[in-house]
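Asker: Questions regarding the structure given below will be posed in turn.
In this note's numbering, the protein residues as written are 274 to 530.
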């Protein structure tokens, strides 16, 4: 692992290396990564079953006025409960996975409970940072969408930075932007790959009405598998962050890489 850490500090990993090394990290501490995935998936599954959100059908809703009308009539407590729960557990998962990955890089194996407890300690700074992040991205998305996508890429490391570098708010956004700026297209490719993979997985997985036994079973299984894949992807993002952050720090300290 010492050799691995030195490699992260001296060499920028290619995309294929990120995926293969991340899979090795996943296997090293598989039990605790899997536990985090299950702990974050189960509450979302249960809430979605008991408080089902309204389904947005793009075939029936094609104009802005129809979207506004759908938002007025269809969005209920299920939408808000599931949105808040998804954000909360996704954030906890990202923070916990970040610190588990860093621990492995430093040749330490930590438990899921240790990582989750560490995550709760930075939750308030992360909430503040997420609010600022959401405002910027929302403004970017309503400004012809593309600026919002660019900001999502630039801010892809904010949770990792809050967790591992104890920096939050505007400073976390600036920190992330400074790391991603010269790696924009590589970062965009990784985010787009993850986004497309997860959405294709959801579309292609067998489904049935959720008010039936088969529907609940299919939904629960698909969500568990999706969270396991998502855990792997979060390991990739965490490793990517550590790699370019190590290299960036070495350059600032005048160390030749």
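Think of the CB as a built atom: it goes at the ideal place given N, C-alpha and C, for glycine as much as any other residue.
Grab the span of the alpha helix (DSSP H) containing residue 441 for me, first residue to last.
Answerer: Neither: residue 441 is in no alpha helix (DSSP H) and is coded neither H nor E.
Asker: Hey, quick one: how far does the alpha helix (DSSP H) through residue 466 stretch, first residue to last?
Answerer: Note, residue 466: alpha helix (DSSP H), 457-477.
Asker: Check whether the stretch 362-373 and the stretch 505-514 touch, using three or more Cβ-Cβ pairs below 8 Å as the test.
Answerer: They touch, by the three-pair rule.
Asker: Is it true that the CB of residue 355 sits closer than 8 Å to the CB of residue 324?
Answerer: For residue 324 and residue 355, yes; Cβs fall inside 8 Å.
Asker: Let me check understanding here. Comparing Cα to Cα, which of 320, 303, 430 lies closest to residue 406?
Answerer: Of the candidates 320, 303, 430, the one whose C-alpha sits nearest the C-alpha of residue 406 is 430.
Asker: For the putative contact between residue 281 and residue 513, defined by C-beta atoms under 8 Å, what is the C-beta separation to the nearest angstrom?
Answerer: Actually they do not touch by this definition, with Cβ atoms about 10 Å apart.
Asker: So residue 324 is in the alpha helix (DSSP H); what residue range does that whole segment cover?
Answerer: Note, residue 324: premise wrong, no alpha helix (DSSP H); not H, not E.
Asker: Find out if the Cβ-Cβ distance for the pair residue 445, residue 434 is shorter than 8 Å.
Answerer: In contact: residue 445 and residue 434 (Cβ atoms closer than 8 Å).
Asker: Give me the Cβ distance between residue 286 and residue 375, rounded to the nearest whole Å; I'm assuming they're in contact under 8 Å.
Answerer: Wrong, their Cβ atoms sit about 15 Å apart, outside the cutoff.
Asker: When you compare each of 298, 422, 450, 457 to residue 383 by their alpha carbons, which one comes out closest?
Answerer: Taking only the C-alpha atoms, the option nearest residue 383 is 298.
Asker: Please list, in chain order, all residues of the same chain as residue 393 whose beta carbon is under 8 Å from its beta carbon, the five residues on each side excluded.
Answerer: Answer for residue 393: 365, listed in chain order.
Asker: Taking residue 521 as the reference, which of 400, 470, 449, 443 has the closest Cα?
Answerer: Residue 449 is the option with its Cα nearest to residue 521.
Asker: Compute the distance between the beta-carbons of residue 360 and residue 399, then report whether it is under 8 Å.
Answerer: Going by C-beta atoms, residue 360 is not nearer than 8 Å to residue 399.
Asker: Would DSSP call residue 417 helix, strand or coil?
Answerer: Coil at residue 417, not helix or strand.
Asker: What is the DSSP secondary structure of residue 497, reduced to helix, strand or coil?
Answerer: Looking at residue 497 - three-state DSSP - the assignment turns out to be helix.
Asker: If you drop the 5 nearest sequence neighbours on each side, which residues of the same chain put their C-beta closer than 7 Å to that of residue 529?
Answerer: Only weak support exists for where residue 529 lies, its pLDDT of 49 falling under 50; the coordinates are left without a value.
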